[in-house]
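Only one structure is covered here, and it is reproduced in the block below.
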Amino acid sequence: MGIEYKFYVNNFDTQKLDDILRRGPYFSDYDPDYRLYNFRMASNTDQVIMPNLVAAIEPDGLYVCDNGGSDLGERVINYLKASLEGELGQLRIEEI
Numbered sequence: 007m008g009i010e011y012k013f014y015v016n017n018f019d020t021q022k023l024d025d026i027l028r029r030g031p032y033f034s035d036y037d038p039d040y041r042l043y044n045f046r047m048a049s050n051t052d053q054v055i056m057p058n059l060v061a062a063i064e065p066d067g068l069y070v071c072d073n074g075g076s077d078l079g080e081r082v083i084n085y086l087k088a089s090l091e092g093e094l095g096q097l098r099i100e101e102i
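Residue numbers (my numbering): 7 to 102.
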């Protein structure tokens with residue numbers, strides 16, 4: 007089980023969130039069945055193996071789960087925090 011976060015964004019814009027996630031470092035692919043944005047280290051290319059980090063756009067913000075095992079989670083979370091604040095304004099992050 008990973009560490010889960012919720013990003014609450016004041017100026018919620020689903021399309022901008024989608025753009026930010028897809029251009030993020032280590033973005034691997036989008037799983038439409040589960041509505042998950044998958045992030046992987048370069049060494050984790052086997053689609054059978056769980057992504058290092060997943061994110062999902064929810065009605066009230068962005069759900070992020072760091073599946074652990076690398077420092078990728080911290081790098082992606084820092085990118086998301088900076089990008090979301092820069093493009094959408096103030097946000098609040100809670101560990102859930």
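All C-beta atoms in this analysis are idealised placements derived from N, C-alpha and C, irrespective of residue type, glycine included.
Reference residue i, options the options, closest by Cα
| i | options | result |
| --- | --- | --- |
| Q21 | P65, T51, P31, D52 | P65 |
| R46 | D19, D37, V60 | V60 |
| G30 | V82, P38, D77, I63 | V82 |
| L68 | D25, F13, I9 | F13 |
| A62 | P38, Q96, A48, N84 | P38 |
| L42 | D19, E91, V70 | V70 |
| F33 | Y40, A88, G95, T51 | T51 |
Opposing strand residues paired with residue i [DSSP bridges]
| i | result |
| --- | --- |
| I63 | L68 |
| N44 | D35, V60 |
| L97 | V15 |
Exposure of residue i, with buried meaning 16 or more beta-carbon neighbours within 10 Å
| i | result |
| --- | --- |
| P57 | buried |
| D72 | buried |
| G79 | buried |
Backbone secondary structure at residue i - three-state DSSP
| i | result |
| --- | --- |
| V82 | helix |
| I102 | coil |
| S89 | helix |
| I26 | helix |
CB of residue i within 8 Å of CB of residue j, strictly
| i | j | result |
| --- | --- | --- |
| E101 | I26 | no |
| N17 | G95 | yes |
Residue i beta carbon near the ligand PLP (any heavy atom closer than 7 Å)
| i | result |
| --- | --- |
| D52 | In the structure shown, the ligand PLP is absent, as is every other ligand, since no ligand is present at all. |
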